[in-house]
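Residue numbers (my numbering), protein chains in the order written: chain A, 1 to 394; chain B, 1 to 394.
Ideal Cβ placement from N, Cα and C applies to all residues, glycine included.
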């Protein structure tokens, strides 16, 4: 039977897959979802779905059957399964040889070093003694499986109490042994702020670079994004975009690549992390750019021409909505009357997730000509939904 | 079990319900769909669905069970069923007493006359003799069930061949008898162009008015919309918005109300049609306004504060994509590489419908500072998808 459009398989039912569903509706692109459980964020909004384990090859084969392309909500599908899908004739985008750089920080650091891309000083370490030799203060990271502050340890030799650092090291190495991963040590960079350079790249090699944004993390979780990064030196912005485009090209990334960067106090940029999927630092594009990162991810993996990444407003501010300390199930919906009445220009994005303390359950975007006004509006709304106005950012 | 948000029932699985699904995802608002057949436009994108007949009360009760609110993709649900749902305790939005004015043109004309809203001269007619007495040229319309040029006849006494008009009348009255509706005669208005005034109104009485747009019809089907209407006298624009707000308020409309208007050659506005749902003349809002008509429809029927209807660009042009004379199933998808590569700023919206000659299968939006440029881009893309560039609008 002839079809209106090819079907795209999406592995993972989180909010990123959910937000891909919106442009997929407009593009007339059918999605087939592999969800980790019934009723998860994306499973609420994508009819064609399978519930199963993304670590199981048969399940992956079932969800990609009849699909020419598969893409991802997360980076946790085992590399060998991705190769098996490719051998089956499914286009895996991003492909396993690119994706491994977002899955394994050790591989990523090695490759970026080979490309001459500036990174924080780093080394694979296997013992507390090696950490000490690497030098303090440093950060220990599991090479695989860490996210949102998990699998990350800050290590310092406190002047007033030796010994603590060794405990932290012991914990990190225990986790590494348990989960069969390595530990990467990285210098603690003296940074002015964190930046993110987001690009989309198609298999044909077309690429689009979004404006470089500034992001604020709290407890390892992205909290706030300002697009574009205020007062960013134009040359530094250009080189951040060039680094992202170069990495996307050299690694053969298809889809969205987010390059998280440190802007150092002495005016350099260093690559912190890579993500090969729509990224929290690109959520502002839903309301602030001509083409959202979610649409450009779909266009890229389907090898369609990319949409313009140009901003639609002078400033766009994104603030994440996290579950508050004392979450109630209906709190987000119940927060609408105030948030919407106060600010008819506010853009709210909820993920259909039950608020639990610290859990990302949505975000708000505010755009306009006045940065302070956008910040105030977005921060107020996010704090309101969190039920936590007393701790509102200033 | 406590729930994150109430569920909204939507009756009808066409493209309007499909396009409600996009803001519903962002709002975290679960939809439950009554689709007329499996796999129709909205059924492709809303997981929680029932297939059945909207003229069957038991089916309507099944789809609204557990929903506090029901809304519509179309205006074809029988009024008595809507009253029955209200008696069951479901909030029907728009309610039956408002909706009847969009369902029955006879009732609508009577009510607008009572309100003193300017309309074309009109009368219910029951015979060819009454049509002759009404005067030529005129338009005959079935009071119920007509849309997109169906149930509409243009009647004129041709100077060179009497008799034709009587045949047209006979056809109209035959259709009326068959379907049990009345025939409304309306004067053929000497109009400069057609305008549309779109408002959203919530049960609490809050209302938001979008900029008045100019629309072009072809063969009774909306073809092109320019937002805002070029060179529209500001006083006339304001009175068009006031008429729409007044009708929404007096009729107790909840959700989106589209008031289609004639701008007469002598500078007046006359109400042509009412629609109480998102409307083709409001599709430009998806990319051209702060809040789309689809989001404001959802916010209105859920009695949430409305979003700003302000435009985001100086001009937005919407052109419908119709099935061409020789449609191929894959033509829309296959049209992407050219359309997207030529215009990275173009916004495309496809409905997941198989192209058949003259069928609405999607639309494009183009926005910017230069109206001629927007028109050229949107018309080119729509003609390209139609496979009909030779007939491109000039």
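Item                                                                                                                            : Value
Whole-angstrom C-beta distance between residue 352(B) and residue 103(B), which should lie under 8 Å                            : Residue 103(B) to residue 352(B), Cβ: 27 Å. No contact.
Reduced DSSP category for residue 223(B) - H, G, I as helix; E, B as strand; rest coil                                          : strand
Within-7 Å CB hit, residue 336(B) to chain A                                                                                    : yes
Nearest-angstrom beta carbon gap, residue 96(A) and residue 76(A) [assumed within contact, 8 Å]                                 : Rounded, the Cβ-Cβ distance is 13 Å, inconsistent with contact.
Counted within 10 angstroms of its Cβ, other Cβ atoms place residue 127(B) as buried (16 or more) or exposed                    : exposed
Residue range of the unbroken alpha helix (DSSP H) whose run includes residue 72(B)                                             : Here residue 72(B) belongs to no alpha helix (DSSP H); instead the beta strand (DSSP E) covers 69-72.
Per DSSP, the bridge partner or partners of residue 267(A)                                                                      : Answer is none; residue 267(A) lacks a bridge partner.
Cβ-based burial, residue 224(A) [other Cβ within 10 Å; buried from 16]                                                          : buried
Same chain only: Cβ atoms within 8 Å of residue 207(B), ignoring 5 sequence neighbours per side                                 : 199, 200, 201, 245, 248, 249 and 306
C-beta contact flag for residue 323(B) and residue 355(B) at 7 Å                                                                : yes
Neighbourhood of residue 394(A) by C-beta distance below 8 Å, restricted to the same chain and skipping five residues each side : Caution is warranted here: a pLDDT of 38 is assigned to residue 394(A), below 50, making its placement in the model unreliable, and the coordinate value is therefore given only provisionally. Closer than 8 Å at the Cβ level, and outside the excluded window around residue 394(A), lies no residue.
Residues of the segment 35-57 of chain B with Cβ closer than 9 Å to any Cβ of chain A, in chain order                           : 43, 44, 45, 46, 47, 48 and 49
Runs of alpha helix (DSSP H) lying entirely within the segment 149-204 of chain A, each at least 4 residues, in chain order     : 164-179
Neighbour flag for residue 377(A) against chain B, beta carbons, 7 Å                                                            : no
Proximity winner among 214(B), 216(B), 6(B) and 136(B), relative to residue 168(B) (alpha-carbon distances)                     : 136(B)
Near-chain A residues of the segment 276-292 of chain B - C-beta to any C-beta below 7 Å                                        : 290
Rounded C-alpha distance that separates residue 125(A) from residue 184(A)                                                      : 6 Å
Range covered by the alpha helix (DSSP H) that runs through residue 315(A)                                                      : Taken as a continuous stretch (DSSP letters only), residue 315(A) belongs to no alpha helix (DSSP H), being part of the beta strand (DSSP E) at 315-322.
Residue 394(A) at chain B interface by Cβ criterion, 7 Å                                                                        : Note that residue 394(A) scores 38 on pLDDT, short of 50, meaning its location in the model is unreliable and no value can be drawn from it.
Amino acids of chain A, ordered along the chain, whose beta-carbon sits closer than 7 Å to that of residue 18(B)                : 25
Partner residues on chain A for residue 345(B), Cβ-Cβ distance less than 7 Å                                                    : 290 and 308
Residue 366(A) to residue 338(A) span [Cα, whole Å]                                                                             : 16 Å
Range covered by the beta strand (DSSP E) that runs through residue 215(A)                                                      : 213-218
Residue 235(B) CB to nearest heavy atom of the ligand GTP below 6 Å                                                             : Annotation note on the ligand GTP: not contained in the displayed structure, which lists no ligands.
Beta carbon of residue 210(B) nearer than 7 Å to that of residue 309(B)                                                         : yes
Length of the line joining the Cα atoms of residue 261(B) and residue 120(B)                                                    : 10 Å
Beta-carbon separation (whole angstroms), residue 243(B) vs residue 117(B), contact threshold 8 Å                               : 6 Å
Any C-beta of chain C under 7 Å from that of residue 248(B)                                                                     : Note that chain C does not occur in the displayed structure, where the protein chains are A and B.
Supposed close pair residue 181(B), residue 142(B) - CB separation, criterion 8 Å                                               : 5 Å
Burial state of residue 72(A), where buried means 16 or more other Cβ atoms lie within 10 Å                                     : buried
Residue 16(B) - containing alpha helix (DSSP H), residue span                                                                   : 15-27
Residue 332(A) in three-state terms, based on DSSP                                                                              : helix
Same chain, Cβ closer than 7 Å to residue 78(A), neighbours up to 5 away in sequence not counted                                : 55
Within chain A, partners of residue 371(B) - CB distance below 8 Å                                                              : Residues of chain A passing the Cβ test: none, with the nearest at roughly 18 Å.
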